[in-house]
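Just so we're on the same page, this note's numbering is the position in the sequence shown counted from 1, plus 148. Glycine residues also receive a C-beta, built at the ideal position from the N, C-alpha and C atoms. Please read all numbers here as calculations on a predicted model, not as lab measurements.
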Amino acid sequence: MRPAWCRNRFSHMFTTFFLTALALSLLVRAWLAGRQMRHVAANRASVPQRFVEVMPLAAHQKAADYTIARTRLGMLESIVEAALLVCLTLMGGIEAIDRLVQGALAGSAMPDLVREVVLVVAVLLVSALVDLPFSLYREFVLEARFGFSVMTWRLYLIDTLKVVALAIVLGLPLLLVVLWLMQASGRWWWLYAWTVWSGFSLVLLLIAPTIIAPLFNKFVPLEDEALRGRVESLLARCGFAAKGVFVMDGSTRSTHGNAYFTGFGAAKRIVFFDTLIERLNPEEIEAVLAHELGHFRHHHVIQRIVVSLLTSFAGLAVLGWLIGQPWFFEQLGVEPSLATRDAVALLLFFFVMPIMTFLLAPLFSQASRRHEYQADAFAAEQTGAGELSRALVKLYEDNAATLTPDPLHSAFYDSHPPAALRIARLDQRALVAR
Ligand SMILES: [Zn+2]
């Protein structure tokens, strides 16, 4: 049977638009990846002037090799994902999976809603299976080759089972409710779905630090005699509950170090990886803590939540309109008269939408980098710019993060400012403060 999009005799305009956007996003990705690899390779021979005294050449070169290996793998993954997308849509993949599912369920008295859930789960499973080799290669080959991963097969399997269990407990009920709303609540279904989705994400944010993250890692309150006094006075100055600072056993999976701020309201937490705590001296830990407190004081988490709620509102409104357009289905390779039409619409939307919005990525990266600068400035005021920049250099070294990214690649993707610019601002503040 010919796929749906070529059965339509009238117009292939949306098919053309979709394929053009897909090709364009791949070309931009390839162009940026090429630039990044060339730029990093060209700067591999020597450590940039500012870092000569603090970054060993071997570490700089390791970071270059690691960056290039990751960029190359990421590019290959993008190509495979694009191929999967075309297979699922224009080549009739979703329709074929739907036929399989309906065939398997034929004769059983299952309600349509359950058939739709099974279809969505089946398609997501196919997509996860395609992604699996990349996940395995990244963890057990790439991260291991550079000495980062200490992951065992046993732990990987346990993690995967936990993720699947969470998807069943949290994801399935949400999917059922949304599909039910699509079926039962008329043309404004997307507004109800958005309300449900918003409530769901807020609850998720509340339980993520206290209930979900502890399923994977151990969190203990930061208790360091050498630190306690300074940390407590810093927290008091910033109005942050002293019970909210934790150390996480990140070392069970990898030697990467990090710190982050998560949650809101009573559930908010600042988390240090144990690997980071081991590497930093008390002044540097205080500076990193002050940076995370900067995110808290500038309400960055709340701002991110608002932006994500607005984006999902816009997205669902668009889906609410698209679902009434037969061409949306036909021209993406699906027969619009399918009984599982709602589930198919959700699938098409979530697979195709990221391609259409890919070129907006730099806007979000830019906003995130602005937040990082604000948090750095806050830390410099509270503790000291020199301590923070010393801590950052150790972080770059331990994570083999390149000091010399391509400026355009960085502007497009990076959530954090490039090392040189970030440290330069801190150096300036340190000079002014002196
Ligand atoms: Zn930050």
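Legend entry - C-alpha distance - LEU261 paired with GLY251, whole-angstrom precision: 16 Å
Inset, instruction - May I ask you to verify whether the stretch 514 to 534 touches the stretch 434 to 451, counting CB pairs closer than 8 Å and requiring at least 3? - result: yes
Inset, instruction - My understanding is that HIS396 touches VAL419, with C-beta atoms under 8 Å, so please give their C-beta distance in whole angstroms. - result: One point to set straight first is that residue 396 is Met, not His, in the sequence displayed. Right, their Cβ atoms sit about 5 Å apart.
Inset, instruction - Kindly provide the ranges of any alpha helix (DSSP H) runs that are 4 or more residues long and lie completely inside the stretch 333 to 384, ordered along the chain. - result: 337 to 355, 361 to 364
Inset, instruction - Following the continuous beta strand (DSSP E) through PHE294, name the residue where it begins and the one where it ends. - result: From DSSP, PHE294 is part of no beta strand (DSSP E); its letter is neither H nor E.
Legend entry - Where the alpha helix (DSSP H) through MET504 begins and ends: 489 to 504
Legend entry - Alpha carbon of ARG452 to alpha carbon of HIS557, nearest angstrom: Distance between the alpha carbons of ARG452 and HIS557 is about 23 Å.
Legend entry - Contact under 9 Å by Cβ, TYR285 with THR550: No. Outside cutoff.
Legend entry - ALA181 beta carbon less than 9 Å from that of MET223: yes
Inset, instruction - Go ahead and pull the three-state DSSP assignment for MET586. - result: Only positions 149 to 582 of the chain appear in this structure, which leaves residue 586 out of reach.
Legend entry - Anticipated Cβ contact below 8 Å, SER456 with SER513, distance rounded: Between SER513 and SER456 the Cβ distance is about 15 Å, and since that is not below 8 Å, they are no contact.
Legend entry - Inter-stretch contact (C-beta, 8 Å, three-pair minimum) for the stretch 264 to 273 and the stretch 238 to 249: Counting Cβ pairs under 8 Å, three or more are found: they touch.
Inset, instruction - Would you kindly work out how many angstroms separate the C-alpha atoms of GLU535 and PHE560, rounded to a whole number? - result: 29 Å
Inset, instruction - Could you tell me whether any non-hydrogen atom of ligand 2 is closer than 8 Å to the CB of GLU434? - result: With respect to small molecules bound, the structure shown includes ligand 1 and not ligand 2.
Inset, instruction - Using DSSP bridges, identify the partner residues of ILE418. - result: VAL393, PHE409
Inset, instruction - Please say whether PHE506 and SER275 have beta carbons closer to each other than 9 Å? - result: no
Legend entry - Span separating the alpha-carbon of LEU233 from that of GLY468: So the alpha carbons of these two residues sit roughly 22 Å apart.
Legend entry - Separation of LYS391 from VAL500, as counted between CA atoms: C-alpha separation (whole angstroms): 43 Å.
Inset, instruction - May I ask you to check if the CB of ALA523 is nearer than 8 Å to at least one heavy atom of ligand 1? - result: yes
Inset, instruction - State the DSSP-derived secondary structure class of SER587, mapped to helix, strand or coil. - result: Because residue 587 is not part of the residues shown, which for the chain are 149 to 582, the question remains open.
Inset, instruction - Measure the C-alpha to C-alpha separation of ALA207 and GLY295 and round it to an integer number of angstroms. - result: 12 Å
Legend entry - Residue closest to THR459, alpha-carbon to alpha-carbon, out of LEU320, SER537, GLN479, TRP342: TRP342
Inset, instruction - Label SER333 either buried or exposed according to how many other C-beta atoms from any shown protein chain fall within 10 Å of its C-beta, with 16 as the threshold for buried. - result: exposed
Inset, instruction - Consult DSSP for SER402 and reduce its assignment to one of helix, strand or coil. - result: Annotated three-state conformation of SER402 is strand, per DSSP.
Inset, instruction - Return yes when at least one heavy atom of ligand 1 lies under 8 Å from the C-beta of HIS187, else no. - result: no
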